[in-house]
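Numbering (this note's numbering), first residue to last: 51 to 322.
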């Protein structure tokens, strides 16, 4: 079932009659110093669906994504108001560490970021090192690494090179390695911030096919500047403009029959 946009409410408030969301924002505002870059964003992300976030450069897409796993607070003078809920529980509640949040809500950035001093295997398992003695045994770690690499579509390409440097594989493979690293902690949600922006067309296609496969087992939120990519990979699409969430709908509906004139102007190329 689709979503309803109540035009009588303030911009950014989106209501859904569908099943309860896995991840939600509630009147979310984000700041850099005194500058507000997100404005009362309320958005529901459904379990095991792909939600794409589109909009012109500087509209707040990446900031929204970074608020969803508390990466925003790593920036000096950054601030957040409102809330983000994972299965109804605030990820900003007192006493909950950002590291614990990021194990449940993983993130992959625009450019591949393998750890240069680590092997392929150790890159995959890097997120588990924080557990120390409470972490998996060596045999369990090997199984986790293989599973994450299989889920990222990389196992067959690197299974004989696990002890080699992660810098020795291609850019597209490095990005899938970063996805494997995020998957190794068994997150509920995977955030992708323009994951193909620095990749060639063939690597882009590989990542898009991977994302589509991942929706069987994990919830994905992908920020993309490429509307064609959003149309290809996502179940639902959210359009942002000047820090506000303008509209969210099933992807086909948003691109073919948007409710808001600003959305229509953007998806038809009249601005942005």
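We put the beta carbon where it would ideally sit given N, CA and C, even for glycine.
Among the residues of its own chain, which have a CB less than 7 Å from the CB of residue i, if the five just before and after it don't count?
| i | result |
| --- | --- |
| residue 228 | 158, 162, 163, 164 |
| residue 145 | none |
| residue 186 | 178, 194 |
| residue 171 | 195, 212, 213 |
Taking the C-alpha atoms as reference points, what is the distance between residue i and residue j?
| i | j | result |
| --- | --- | --- |
| residue 261 | residue 199 | 14 Å |
| residue 304 | residue 290 | 12 Å |
| residue 140 | residue 76 | 10 Å |
| residue 88 | residue 114 | 7 Å |
| residue 323 | residue 173 | Within the shown structure, residues of the chain are numbered from 51 to 322, placing residue 323 beyond reach of any answer. |
| residue 148 | residue 121 | 8 Å |
| residue 312 | residue 194 | 45 Å |
| residue 134 | residue 111 | 15 Å |
| residue 237 | residue 132 | 23 Å |
| residue 107 | residue 276 | 11 Å |
| residue 296 | residue 191 | 44 Å |
| residue 204 | residue 180 | 24 Å |
| residue 318 | residue 218 | 41 Å |
| residue 93 | residue 119 | 15 Å |
| residue 222 | residue 189 | 28 Å |
| residue 178 | residue 71 | 27 Å |
| residue 175 | residue 306 | 42 Å |
| residue 264 | residue 109 | 27 Å |
| residue 259 | residue 320 | 30 Å |
| residue 196 | residue 308 | 43 Å |
| residue 138 | residue 116 | 19 Å |
| residue 98 | residue 155 | 13 Å |
| residue 314 | residue 248 | 28 Å |
| residue 302 | residue 278 | 11 Å |
| residue 127 | residue 206 | 44 Å |
| residue 292 | residue 123 | 20 Å |
| residue 257 | residue 125 | 28 Å |
According to DSSP, is residue i part of a helix, a strand, or is it coil?
| i | result |
| --- | --- |
| residue 254 | helix |
| residue 175 | helix |
| residue 219 | coil |
| residue 102 | strand |
| residue 260 | helix |
| residue 142 | coil |
| residue 277 | helix |
| residue 302 | helix |
| residue 190 | helix |
| residue 76 | strand |
| residue 206 | helix |
| residue 131 | strand |
| residue 238 | coil |
| residue 137 | coil |
| residue 288 | strand |
| residue 297 | strand |
Looking only at its own chain, which residues have a Cβ that is under 6 Å from the Cβ of residue i, when we skip the five neighbours before and after it?
| i | result |
| --- | --- |
| residue 73 | 95, 136, 239 |
| residue 201 | 233 |
| residue 91 | 62, 75, 78, 295 |
| residue 310 | 296, 297 |
Contact check, residue i vs residue j under 8 Å by CB: the rounded distance?
| i | j | result |
| --- | --- | --- |
| residue 80 | residue 130 | 5 Å |
| residue 47 | residue 280 | For residue 47 there is no data in the structure shown, the boundaries of the chain being 51 and 322. |
| residue 153 | residue 101 | No, residue 153 and residue 101 are not in contact; Cβ-Cβ is about 21 Å, not under 8 Å. |
Who are the Cβ neighbours of residue i in its own chain at under 8 Å, not counting the five residues just before and after it?
| i | result |
| --- | --- |
| residue 377 | Because the chain in this structure spans residues 51 to 322, residue 377 falls outside the shown range and cannot be described. |
| residue 169 | 212, 213, 214, 215, 216 |
| residue 267 | 98, 201 |
| residue 142 | 120, 130, 133, 134 |
| residue 166 | 215, 216, 217 |
For the ligand HEM, I want to know if residue i counts as a neighbour, meaning its beta carbon is within less than 6 Å of at least one of the ligand's heavy atoms.
| i | result |
| --- | --- |
| residue 70 | As far as ligands go, the structure on display features none, and thus does not contain the ligand HEM. |
*Are the region 244–252 and the region 153–173 in contact at 8 Å, needing three or more beta carbon pairs?*
With the cut-off at 8 Å, the region 244–252 and the region 153–173 touch.
*When the Cβ atoms of the region 277–285 are set against those of the region 75–84, are three or more pairs found closer than 8 Å?*
With the cut-off at 8 Å, the region 277–285 and the region 75–84 do not touch.
*Any 3 or more C-beta pairs closer than 8 Å across the region 249–258 and the region 222–236*: Flag = yes, the region 249–258 and the region 222–236 touch.
*Does the region 265–285 come within contact of the region 207–214, defined as at least 3 CB pairs closer than 8 Å?*
Output reads no: the region 207–214 does not touch the region 265–285.
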